[in-house]
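Engineer: If you're matching positions, the sequence shown starts at 5 in our numbering and goes up one per residue.
All C-beta atoms, glycine included, are put in the ideal place defined by N, C-alpha and C.
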Amino acid sequence: LGGRIDRIEKGIKVIDFKTTQPRLQEEVDADLQLSIYSLAIKELYGEFPSELVMLYLNENSVTEIKTERSESQLKDAIKQITSVNNYIKEGEFKPRPSASVCKRCPYKGVCDVAAV
5 LGGRIDRIEK
15 GIKVIDFKTT
25 QPRLQEEVDA
35 DLQLSIYSLA
45 IKELYGEFPS
55 ELVMLYLNEN
65 SVTEIKTERS
75 ESQLKDAIKQ
85 ITSVNNYIKE
95 GEFKPRPSAS
105 VCKRCPYKGV
115 CDVAAV
């Protein structure tokens, strides 16, 4: 698994830039990618980010959605990462690319088998 943090500001504010339509607050609050970024910041800098933000950039608007992560969410993210990693190691996690799914997948930029 891999990822890239788009930008980090003072106080360790993580901003994840998106060019899609803004998602609902509840969706941003549950976003696994931001949980992974939060864990990565803790690993790299010894502290969790002071802010997690999804910044939606569209032709005519900019929408900022702030979120936080609970200890429970971070523990769940670690479980998900470990599970996916184990499946990949065991060869049980096979990608199933398709144009309709890959087109909207937030990981298509880092996926080696994306159909788009």
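Once you ignore the five residues that flank Val32 on each side, which residues in its own chain have a CB closer than 8 Å to its CB?
Structural biologist: Here residue 32 corresponds to residue number 28 of the sequence shown, with the count starting at 1. These residues qualify, in order along the chain: Leu38, Met58, Ile69, Thr71.
Engineer: Looking only at its chain, what residues have a beta carbon closer than 7 Å to the beta carbon of Asp1, apart from the 5 residues adjacent to it on each side?
Structural biologist: This structure cannot settle anything about residue 1, because the visible part of the chain is limited to 5 through 120.
Engineer: Compare the Cα-Cα distances from Glu47 to each of Pro110, Ser76, Ile16, Cys115 and report the closest residue.
Structural biologist: The residue labelled residue 47 in the question sits at position 43 within the sequence shown. Closest option to Glu47, Cα to Cα, is Ile16.
Engineer: Kindly indicate which residue of Glu30, Arg27, Leu43, Val105 has the alpha-carbon position closest to the one of Ile85.
Structural biologist: The count along the sequence shown starts at 1 and reaches residue 85 at position 81. When each option's Cα is compared against that of Ile85, the closest is Leu43.
Engineer: Starting from Asp20, follow the beta strand (DSSP E) in both directions and report where the run begins and ends.
Structural biologist: The residue given as residue 20 occupies position 16 in the sequence shown. Residues 17-22.
Engineer: Hey, quick one: how far does the beta strand (DSSP E) through Glu55 stretch, first residue to last?
Structural biologist: The sequence position of residue 55 within the sequence shown is 51, counting from 1. Segment 55-61, the beta strand (DSSP E) holding Glu55.
Engineer: What separation, rounded to the nearest whole angstrom, lies between the Cα atoms of Gln77 and Gly50?
Structural biologist: Looking up residue 77 in the sequence shown gives position 73. Looking up residue 50 in the sequence shown gives position 46. Answer to the nearest angstrom: the Cα atoms are 18 Å apart.
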